[in-house]
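Numbered according to full-length UniProt numbering, the sequence shown spans residues 1 to 132.
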Amino acid sequence: MYTLYTDAATNIDTQHSAAGILIIHAGKQQQLHAQLPDGDNHHAEFYAALAGFNALLETVNDAAKNVTVQYFTDSKIVAESVEKRYAKHYQDLVDQLLAKQAQFGLVITQWLPEKQNQGAHNLAQQALHETN
Numbered sequence: 001m002y003t004l005y006t007d008a009a010t011n012i013d014t015q016h017s018a019a020g021i022l023i024i025h026a027g028k029q030q031q032l033h034a035q036l037p038d039g040d041n042h043h044a045e046f047y048a049a050l051a052g053f054n055a056l057l058e059t060v061n062d063a064a065k066n067v068t069v070q071y072f073t074d075s076k077i078v079a080e081s082v083e084k085r086y087a088k089h090y091q092d093l094v095d096q097l098l099a100k101q102a103q104f105g106l107v108i109t110q111w112l113p114e115k116q117n118q119g120a121h122n123l124a125q126q127a128l129h130e131t132n
């Protein structure tokens, strides 16, 4: 099983956004961060999730269909949208995220409080500060 944590950070003045991605497997951590398209934090959280699943796909390569992923996000809108398979203003991003998740054998999405997502949060903040 792989565990994936993602978080987004957005500078409200510049609208620059960045993602923090933490992948854990067999007791080893892979820490990544990425720049995201400019926009509000809700969009950034979806883009961070997509970046996380893209990174995980690169990690597992052709074995994705045999992989179980426990996915954690501190974004309620991302977690609830995946569960409902719907988001009024973000449906295109929900559809993209569901398509990424469908490439894996099983994905369990779970919301967690921000204070329990510090690894991904710190990586996102680090990436955001690199752009400002």
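Just so you know, even glycine gets a beta-carbon here, dropped at the ideal spot from N, CA and C.
Considering only L4, G52, T3, the residue with the shortest C-alpha distance to A18 is G52. For V69, the uninterrupted beta strand (DSSP E) segment begins and ends at 68 to 73. T131 is classed as exposed because its beta carbon has fewer than 16 other beta carbons within 10 Å across all chains shown.
One Cα belongs to L56, the other to K115, and the distance between them is close to 23 angstroms. Restricted to the UniProt domain "RNase H type-1" (1 to 129), the alpha helix (DSSP H) segments that are unbroken, complete and at least 4 residues in length are 41 to 60, 76 to 84, 91 to 101, listed in chain order. By the criterion of a C-beta distance shorter than 8 angstroms, L128 is surrounded in its chain by A9, T10, N11, H16, S17, A18, once the five residues flanking it on both sides are discounted. The Cβ-Cβ distance between Q31 and L123 falls below 7 angstroms. Between Q70 and T3, the gap from beta carbon to beta carbon is short of 7 angstroms. Apart from sequence neighbours up to five positions away, the residues of its chain that approach H121 with a beta-carbon distance below 8 angstroms are D7, A9, G20, D74, E114, ordered along the chain.
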